[in-house]
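K.L.:
Handing you this structure, nothing more for now.
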Amino acid sequence: MIVFDRVAKRYPNGREALSSVSFNIHNGEMVFLTGRSGAGKSTVLKLIALLERPSRGGILVAGKNTSTLAARHIPAFRRNIGMVFQDHKLLIDRPVFDNVALPLVVAGVALKETDKRVRAALDQVGLLGKERMLPTELSVGEQQRVGIARAVVSKPPLLIADEPTGNLDPDLALEVMRLFRRFQDVGVTVVVATHDIHLVREFGQREIVLDNGQVQGDAGDALPSLMATR
Amino acid sequence: MSLSGHGARHAQAFFGALGRLARHPFASALTLLVIAVALALPASLSLFVDNAQLAVGGFVNSVDLTVYLKTDVPLAKAEQLARSARERSEVAEVTLIPADQALEEFRKYSGFGAALEALKSNPLPHVLHIRPRVSAESAATLQSLEHYLSAWPEVDTVQMDTEWVNRLNAILDVLQRLLAMAALLLGLGVLAIIGNTIRLEILNRRAEIEVTKLVGGSNAFVRRPFLYSGLLYGVGGALLAWAIVAAAVVVLGQPVATLSRLYGSQFRLQGLSQQDIEILLGAGVVLGWLGAWVSASRHLRAIEPRA
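Chains as they are written, first to last, in the working numbering: chain A, 8 to 237; chain B, 47 to 353.
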């Protein structure tokens with residue numbers, strides 16, 4: 008599903024977030040991306056979603072080489088990725104329903120179908136019945152769950168989450184992680200960046216550790232070289 | 047995407063834009079008013095020029111040529127000349143006023159009857175009144191007709207008062223040029239107003255645009271509601287401009303009719319023709335869409351999601 012081949016990322020301000028990162032994530036896997044803050048976790052997720060472009064190296068997402076993807080194809084590419092953020096990035100002046108429906112609206116899904124799928128997504132995160140509320144009327148944990156509902160409403164094959172439990176107390180954090188695993192159970196590939204080592208240990212899933220812009224330990228099995236397959 | 051899905055997305059963008067306009071009625075009304083005034087100015091100037099041409103047109107048609115024959119030309123020759131003048135294609139009507147008849151009228155109306163009795167012979171020449179055809183009313187045609195008539199050896203002078211018509215036409219030409227410039231400048235003004243309004247709208251909705259792009263909204267999807275906003279501003283402004291001009295015509299109609307009656311004319315102020323209205327609304331559509339498009343293309347590109 009995701010292949011990083013000797014990826015480096017240097018930001019315009021000169022900071023080198025990744026120096027040479029290679030790893031391999033399979034379809035249907037649930038992987039934790041860990042490391043100290045500043046280790047490059049967010050950068051890896053941004054590169055997957057094409058919010059940033061790598062300075063060097065190749066990235067394969069769902070069989071697509073992202074470095075050859077033209078800018079006009081990026082929106083369609085992003086519709087296959089569900090994204091969850093620490094600050095949830097909800098539109099605070101729009102009701103829950105509108106927030107969750109947004110990915111379906113941009114994809115041109117019919118109104119009736121949208122209505123059905125938004126309710127299904129809200130049901131999955133336990134927020135059915137709160138469609139007409141504004142995000143500001145919800146608790147932090149509920150807001151994060153609205154963000155998750157929005158990420159999964161279009162049933163993307165890949166779900167990425169950047170510190171989704173950063174603002175949550177341990178109980179709520181555990182609940183959110185269980186939610187992610189339920190999506191993995193139905194075949195979704197899930198990548199979660201977190202610095203919460205205890206939570207990761209508790210779940211016992213595969214862990215990719217980033218340190219100083221490099222992968223420590225398990226990087227997955229032998230990598231197909233992107234450069235060779237091109 | 048199906049055709050109906052496409053239509054639904056456009057309808058959604060359209061009603062979304064309409065809703066945003068309605069949510070800030072005061073600001074929207076001010077913007078519409080500025081656009082309307084900018085469109086109403088060239089429209090009313092154009093209407094003024096059209097009406098002036100119409101009013102003057104009536105006078106141009108009444109420009110007659112008066113041909114004074116030499117005093118020694120006999121009446122039979124004058125009649126022959128009248129016949130050959132009648133054969134010219136640009137001539138509509140020729141009236142011969144024989145010298146005797148002219149003297150009789152002069153005696154009757156001038157009050158110099160007694161003085162005229164003292165004259166031994168009639169000092170007046172035979173006169174031809176020539177009325178040109180409407181199709182030949184241009185200054186150049188009138189001029190060539192005058193030259194032709196002057197060339198006859200029996201003709202003393204040809205009188206034609208076209209000087210003022212020429213001047214008036216020249217003034218109208220200047221006004222027309224002025225109108226074109228005003229329309230161009232005010233059109234650019236409307237573009238700038240709409241562009242700036244859309245720019246502010248984009249800045250206000252920055253967060254929404256970012257999130258929309260984050261979940262895979264294409265540039266076309268993000269741009270669409272702003273294009274509809276621009277279109278609504280343009281069309282709304284044009285409709286308001288139409289109302290302003292129509293109101294002005296109503297207000298001015300009575301005094302203009304009175305004025306032209308005093309000049310013995312049947313002239314009445316004409317309102318915007320259907321073609322004028324089409325041009326006005328068309329300008330609103332084009333300027334609104336274009337202004338929004340330029341602004342949205344420029345400013346939306348700068349907003350990229352930063353997770």
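Here a beta-carbon is modelled for each residue, glycine too, at the ideal position from N, C-alpha and C.
Helix, strand or coil for L57/A, going by three-state DSSP, please let me know.
P.N.:
As a working note, residue 57/A is residue 50 in the first sequence. Of the three classes helix, strand and coil, the one that applies to L57/A here is coil, per DSSP.
K.L.:
On a Cα-Cα basis, can you pick out the residue from K96/A, V195/A and V68/A that is closest to L166/A?
P.N.:
Residue numbering aside, residue 166/A sits at position 159 when the first sequence is read from its first letter. Residue V195/A is the option with its Cα nearest to L166/A.
K.L.:
For D169/A, report the span of its beta strand (DSSP E) as first-last.
P.N.:
The residue labelled residue 169/A in the question sits at position 162 within the first sequence. That run of the beta strand (DSSP E) goes L165 to D169.
K.L.:
For R132/B, which residues from the same chain have a beta carbon less than 6 Å from its beta carbon, with the 5 sequence-adjacent residues on both sides left out?
P.N.:
As a working mapping, residue 132/B is identified with position 86 in the second sequence. So the qualifying residues of the chain are V140.
K.L.:
Kindly indicate which three-state DSSP category S48/B falls into: helix, strand or coil?
P.N.:
Locating residue 48/B in the second sequence gives position 2, counting from the first residue. Bear in mind that a pLDDT of 49 at S48/B, under 50, signals an unreliable position, so the model cannot answer this.
K.L.:
Is it the case that the Cβ atoms of E151/B and L191/B are separated by a distance below 9 Å?
P.N.:
Here residue 151/B is taken as the residue at index 105 of the second sequence, counted from 1. Here residue 191/B is taken as the residue at index 145 of the second sequence, counted from 1. Against a cut-off of 9 Å, the Cβ pair of L191/B and E151/B comes out as no contact.
K.L.:
Going along chain B, which residues have a C-beta under 7 Å from V113/A?
P.N.:
Walking along the first sequence from the start, residue 113/A turns up at place 106. Per Cβ cutoff of 7 Å: T258, V261, G262, G263 and F267.
K.L.:
For E170/A, is the classification buried or exposed, using 16 other Cβ atoms within 10 angstroms of its Cβ as the cut-off for buried?
P.N.:
As a first step, residue 170/A is located in the first sequence; it is residue number 163 there, counting from the start. Per the 10 Å Cβ criterion, buried.
K.L.:
Taking only runs that begin and end inside the stretch 243-318 of chain B, name each unbroken alpha helix (DSSP H) of 4 or more residues, in chain order.
P.N.:
Runs found: 252-260 and 265-308.
K.L.:
What is the residue span of the alpha helix (DSSP H) that A69/A lies within?
P.N.:
Position 62 of the first sequence, counting from 1, holds the residue named residue 69/A. Segment: none, A69/A is in no alpha helix (DSSP H) and carries neither H nor E.
K.L.:
Should T141/B be listed as close to the ligand NAP, given that the test is whether its C-beta is under 8 Å from any heavy atom?
P.N.:
Here there are no bound small molecules, and the ligand NAP is not part of this structure.
K.L.:
Pop quiz: S275/B and E247/B are said to be a contact at Cβ under 8 Å. What is the actual Cβ separation, rounded to whole angstroms?
P.N.:
Locating residue 275/B in the second sequence gives position 229, counting from the first residue. Locating residue 247/B in the second sequence gives position 201, counting from the first residue. That pair is a contact at about 6 Å.
K.L.:
Taking buried to mean at least 16 other C-beta atoms within 10 Å of its own C-beta, is K154/B buried or exposed?
P.N.:
The residue you call residue 154/B lines up with position 108 of the second sequence. When all chains shown are included, K154/B counts as exposed.
K.L.:
Report the option in I143/B, V102/B, A138/B and T112/B whose CA atom is closest to the CA atom of A122/B.
P.N.:
Against the second sequence, residue 122/B aligns to sequence position 76. The candidate whose alpha carbon is nearest that of A122/B is I143/B.
K.L.:
Per the DSSP calculation, L111/B is bridged to which residue(s)?
P.N.:
Along the second sequence, read from residue 1 onward, the residue named residue 111/B stands at position 65. Paired residues: I176/B.
K.L.:
Would you report the Cα separation of F11/A and L231/B, rounded to the nearest angstrom?
P.N.:
As a first step, residue 11/A must be located in the first sequence, where it is residue number 4. As a first step, residue 231/B must be located in the second sequence, where it is residue number 185. Cα to Cα, F11/A sits roughly 56 Å from L231/B.
K.L.:
Any contact between the stretch 16-24 of chain A and the stretch 57-77 of chain A? By contact I mean 3 or more CB pairs, one from each, below 8 Å.
P.N.:
Touching, yes, given that three or more Cβ pairs across the two stretches are closer than 8 Å.
K.L.:
What separation, rounded to the nearest whole angstrom, lies between the Cα atoms of I323/B and Q126/B?
P.N.:
Here the question's residue 323/B lines up with position 277 in the second sequence. Here the question's residue 126/B lines up with position 80 in the second sequence. I323/B and Q126/B: Cα-Cα distance of roughly 53 Å.
K.L.:
Quick test of the definition: if touching needs 3 or more C-beta pairs under 8 Å, does the stretch 259-276 of chain B touch the stretch 78-97 of chain A?
P.N.:
They touch, by the three-pair rule.
K.L.:
Quick one: which chain A residues come within Cβ less than 9 Å of R344/B?
P.N.:
Mapped onto the second sequence, residue 344/B falls at position 298. Those within 9 Å of R344/B in chain A number zero; the least Cβ separation is about 16 Å.
K.L.:
Quick one: measure Cβ to Cβ for V296/B and A86/B, integer angstroms, because I've assumed they're closer than 8 Å.
P.N.:
Stepping through the second sequence from its first residue, residue 296/B is reached at position 250. Stepping through the second sequence from its first residue, residue 86/B is reached at position 40. Actually they do not touch by this definition, with Cβ atoms about 14 Å apart.
K.L.:
Against R63/A, what residues of chain B qualify as contacts under a CB-to-CB distance less than 7 Å, listed in chain order?
P.N.:
Reading the first sequence from its first residue, position 56 is the one you call residue 63/A. Correct list: empty, because the minimum Cβ distance to chain B is about 21 Å.
K.L.:
Take every Cβ of the stretch 306-318 of chain B, pair it with every Cβ of the stretch 213-224 of chain B, and state whether three or more of those distances are shorter than 8 Å.
P.N.:
Short answer: they don't touch.
K.L.:
Going by DSSP, what residue range makes up the alpha helix (DSSP H) through I204/A?
P.N.:
The residue you call residue 204/A lines up with position 197 of the first sequence. First-last of the alpha helix (DSSP H) with I204/A: I204 to F210.
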